[in-house]
Amino acid sequence: MNSSKLTLDLAVIGGGAAGMAAAIAAYDGGIKNIAIFEISDRLGGVLGQCIHSGFGLHTFGEELTGPEYSARFEKEVHSRGIAVYLQSPVTELRPDRTMTVVSRDMGVTEVAAKAIVIAQGCRERPAGAIGLDGTRPAGVLTAGTAQKYVNIDGYMVGKRVVILGSGDIGLIMARRMTLEGAKVLCVCELMPYSNGLNRNIVQCLDDYGIPLRLSCTVVGLEGRERLTGVRVAPVDPETLKPDLDRTELIPCDTLLLSVGLIPETGLATDAGAALGTNRGLEVSSQRETSIPGVFAAGNVVHVHDLVDYAAEEGRIAGRAAAEYLQNGENASPTALTAAGNGISYVVPARLTLPAEKAELSFRVKRVFKKATLLCKQGERVICEKKRSIMLPGEMEKLTVPTDSLSPGELITVEVKEA
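For the sequence shown, the positions run 325 to 742 when my numbering is used.
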């Protein structure tokens, strides 16, 4: 295999919505020597297999399918002449912003970049990570894998389906399997609330009469060569421990898992990048990681509800990378953010000062009704926002004024119940 070298101003790792948006924003910001490295054989990331509508309402003001949404970004990338290397995984990233890329066309290539944007997205939590009891038969797969088989490869994965977890992919696949002629028996959710968007619960479950069983989980698998059934049991809402005395057998041939998404951070952490409290990459308000000149955007930072939000984060990272390349490292003071009462995490972890305002993204730990979001520096309330209901499955955003913030002090986001 041949070996070569490539020198770039900006390297973008990942060709999904966030990666393409970052490359476009950097190019429009004056940086021309850019390349996108994508592990797949096409741009768009997971969008290519998301053939349902519902994308683009925030970015384009109209409802698009995943491939349609991706095609619009691809057109912008190609119209600018941005280099794209497909089937080219980055196998190593180093703190000096050099990296190794392996591809069929280029062989092993050493890439030296003045700045990098990491937009690798996330991966699904597999069956092995949740310790299902029983045999290991065929018919147990993640919802995203099933989506690829059905939508891209044209394979039907089963006829009688149980879905574990109420993440958005699981909800969407409940509808998709029903439309393809399968019988979706139920969606089991460990928590006492759904982890998906409310609109997906309505459009994918309620509209098709698919039951959602909250505080319920799969405790065992039946079958040897092929799945023949799953054992489900109710769980205690507080301890989340299943009541095995009330186990029920549901005959089925397929179990789809929608039990969480994990940011794909291994490449960055091997290079020394720090992780945030949500296991995504820790970033500043400019989406710069703890490694100078290395930025991150999209689901590698935190899992987004909408692709529009991931793309917007990509634009922030792309503009910041262009500014870094033109003006050098930003030595501005920062204020740190933290999750307070009722909050799981806050992104970004650092706010670059001075600035007029900053947008904080976060999730609540449980369902809150008639509560107030508070952003505080010390005991001083910077801003507040009343909400009638907040769900862990829906990301919250809060725009806070930062012109009066003091560097070095902690900014806390918390929930105050009425």
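Beta carbons are placed, not taken as given, at the ideal position from N, Cα and C, and that holds for glycine.
Check                                                                                                                                                                                     : Outcome
Report the option in T593, I406, T422 whose CA atom is closest to the CA atom of A436.                                                                                                    : T422
Can you name the start and end residues of the beta strand (DSSP E) that A662 belongs to?                                                                                                 : 658 to 663
Where T552 and L503 are concerned, what is the direct C-alpha to C-alpha distance, given to the nearest angstrom?                                                                         : 22 Å
If you draw a straight line from the C-alpha of A644 to the C-alpha of E637, how long is it?                                                                                              : 11 Å
Within this structure, are the beta carbons of P413 and V426 separated by less than 8 Å?                                                                                                  : yes
Taking buried to mean at least 16 other C-beta atoms within 10 Å of its own C-beta, is D665 buried or exposed?                                                                            : Reading off the sequence shown, one finds Asn at residue 665, where the question assumed Asp. Classification for N665: exposed.
Secondary structure at G338, three-state DSSP: helix, strand or coil?                                                                                                                     : coil
Look at the alpha carbon of L521 and the alpha carbon of A592, and state the distance between them as a whole number of angstroms.                                                        : 29 Å
Tell me whether P566, by its Cβ, gets closer than 7 Å to a heavy atom of the ligand COA.                                                                                                  : The ligand COA is absent from the structure shown, which contains no ligands of any kind.
Looking at the C-beta of E398, does it have a partner C-beta in chain C at a distance below 8 Å?                                                                                          : Absent here is chain C; the protein component of the structure consists of one chain.
Could you give the first and the last residue of the continuous alpha helix (DSSP H) run that contains F397?                                                                              : 390 to 403
Pop quiz: I337 and I442 are said to be a contact at Cβ under 8 Å. What is the actual Cβ separation, rounded to whole angstroms?                                                           : 5 Å
What is the DSSP secondary structure of K356, counted as helix, strand or coil?                                                                                                           : coil
By alpha-carbon positions, which one of D352, G732, P716 ends up nearest to P516?                                                                                                         : P716
For the beta strand (DSSP E) containing Q701, list its first residue and its last residue.                                                                                                : 692 to 701
Please confirm if the stretch 529 to 541 is in contact with the stretch 499 to 513, defined as three or more CB-CB distances below 8 Å between the two stretches.                         : yes
Assign D577 to one of two classes, buried (16 or more other C-beta atoms within 10 Å of its C-beta) or exposed (fewer than that).                                                         : buried
Identify the continuous alpha helix (DSSP H) that holds L734 and give its terminal residues.                                                                                              : Here L734 belongs to no alpha helix (DSSP H); instead the beta strand (DSSP E) covers 734 to 741.
Find the nearest neighbour of G343 within the set C446, Q527, P419, judged by alpha-carbon distance.                                                                                      : C446
Can you look up Y532 in the DSSP assignment and give me helix, strand or coil?                                                                                                            : helix
Compare the C-alpha of A679 against each of T726, A395, G622 and name the closest.                                                                                                        : T726
If the criterion is Cβ atoms closer than 8 Å, does the pair Y669 and T563 meet it?                                                                                                        : no
Name the DSSP bridge partner or partners of I440?                                                                                                                                         : A335, V618
What does DSSP give as the partner residue(s) for I496 in the beta ladder?                                                                                                                : According to DSSP, which records beta bridges pairwise, I496 is partnered with nothing at all.
Identify, in the order they occur along the chain, each residue of the same chain with its Cβ nearer than 8 Å to the Cβ of A598, setting aside the five sequence neighbours on each side. : L605, E606, T613, S614
Under the assumption that S582 contacts G494 (Cβ atoms under 8 Å), give the Cβ distance between them as a whole number of angstroms.                                                      : 3 Å
Between L529 and the rest of its own chain, which residues show a CB-CB distance below 7 Å, the 5 nearest in sequence each way excluded?                                                  : L495, A498, V511, L536
For L649, which of helix, strand or coil comes out of DSSP?                                                                                                                               : helix
Taking C-alpha atoms, which residue in E653, F692, R687, K689 lies nearest to T676?                                                                                                       : E653
Does V607 come out as helix, strand or coil in the three-state DSSP assignment?                                                                                                           : coil
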